[in-house]
Every structure is written in C-alpha cells, then in structure tokens.
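Colleague: Its first residue numbered 0, the sequence shown is counted upward by one per residue in numbering that gives the first Met the number 0.
Glycine residues also receive a C-beta, built at the ideal position from the N, C-alpha and C atoms.
Input: one structure, supplied below.
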Amino acid sequence: MCVYRTEANPKQCVLQVEDGCTECRRFEVHFTVPGRPVPKHRHRTTLIGGKVISYTPRKVREFEQSVGWAAKAAGVPMLEGPLAVEIHCYVSPRGPIPDADNLAKSVLDGLTGVAWQDDRQVVDVRAVRHEARGKHEERTEVWIRPA
C-alpha cells in the first residue's frame with residue numbers, strides 16, 4: 000500500500016519504490032553500475048554482402064546491458080510520465096576521458112525498455128563526470144525521479 004494514500008487519493012498502490020510509489024508520483028530510485036562507464040559512440044557501419052549494416056559497438060552494447068541488469072537488480076520498475084534522471088560517472092584518468100553527454104546517452108539507452116518505454120519520457124537530465132582514484136572506484140550511479 001502506498002504510504003502517501005489519502006482520502007483525496009484513495010487508490011491503493013500495489014508497487015512501492017523506496018520512499019513512495021509510481022501511482023502518487025512520490026518516489027526516487029537509485030542504483031549503481033559497477034565498473035568503468037562506457038560512452039555512447041556513433042553507430043558503426045560496415046559493408047556485408049553488398050549491404051550497408053549499422054551496429055552499436057560490442058563494448059557499448061555490453062555496458063548498456065549492464066545498466067539494465069543493475070536497474071532490474073535494484074528493483075527499478077517500468078515508470079510512466081515525465082522523468083528526471085541524474086547520472087554520476089566515476090572514471091579513472093587512465094586512457095581517454097569520455098564526455099559526460101556521451102556517458103549519459105549510454106545510460107539512458109540502457110534503461111529504455113527497463114525503466115521506461117520511450118526515452119522521450121526523460122525530460123530532465125543531469126550528467127556529471129567525476130575522477131575516480133583508481134580502477135577499483137570506477138562506477139556509474141543513477142537516480143530517477145518524477146520531473
């Protein structure tokens with residue numbers, strides 16, 4: 000049952016998410032994806048059998064799947080309505096340092112079909128890249144709340 004249920008909002012919620020529920024729109028979900036964050040790259044194209052094929056690089060695809068699995072493991076439900084997403088990526092200075100906007104794209108794409116049906120529901124995005132002290136501190140932290 001929703002902890003925010005009142006006489007003005009008599010419906011009983013069947014889903015609780017941390018401090019609230021999706022029905023009364025008072026909730027926030029948080030989860031962490033361990034490992035080095037992977038930025039979204041442009042789709043690659045190749046010629047196979049005379050046909051041009053576009054694809055997402057394997058490393059990006061695997062990171063997007065990791066984001067989806069981490070969200071599911073944290074109990075993130077399929078959400079409706081406009082959403083705000085805050086993403087904090089912790090990257091060690093080894094190798095190229097990715098852009099925050101490309102890191103956000105891979106996280107958002109990984110959550111499509113898991114936390115929301117269509118990424119057009121995300122109307123507010125904040126992406127922050129932090130420097131991790133080492134490989135052991137690399138991770139991505141994600142918060143989702145109603146916009």
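State yes or no: is the C-beta of Ser-105 within less than 8 Å of the C-beta of Glu-63?
Modeller: For this step, residue 105 is matched to residue 106 along the sequence shown. For this step, residue 63 is matched to residue 64 along the sequence shown. Closer than 8 Å, so yes.
Colleague: If you draw a straight line from the C-alpha of Lys-71 to the C-alpha of Arg-60, how long is it?
Modeller: As a working note, residue 71 is residue 72 in the sequence shown. As a working note, residue 60 is residue 61 in the sequence shown. Rounded to the nearest angstrom, the two C-alpha atoms are 17 Å apart.
Colleague: Curious, which full-length alpha helix (DSSP H) runs of at least 4 residues does the region 29-109 contain?
Modeller: 57-72
Colleague: Counting Cβ pairs closer than 8 Å, one from the region 127-135 and one from the region 82-98, do we hit at least three?
Modeller: yes
Colleague: Where do the N-terminal and C-terminal ends of the beta strand (DSSP E) with Trp-142 fall, by residue?
Modeller: On the sequence shown, position 143 is the one that residue 142 refers to. Where Trp-142 is concerned, the enclosing beta strand (DSSP E) stretches over 138-145.
Colleague: Can you give the Cα-Cα distance for Val-141 and Asp-123, rounded to whole angstroms?
Modeller: Mapped onto the sequence shown, residue 141 falls at position 142. Mapped onto the sequence shown, residue 123 falls at position 124. Taking the straight line from one Cα to the other gives about 13 Å.
Colleague: Secondary structure at Asp-118, three-state DSSP: helix, strand or coil?
Modeller: By 1-based counting over the sequence shown, the position of residue 118 is 119. Note: Asp-118 maps to helix in three-state DSSP.
Colleague: Can you check which of these residues, Ala-99, Leu-110, Arg-138, is closest to Arg-125 by C-alpha distance?
Modeller: Indexing the sequence shown from 1 puts residue 125 at position 126. That would be Ala-99, whose Cα lies nearest to the Cα of Arg-125.
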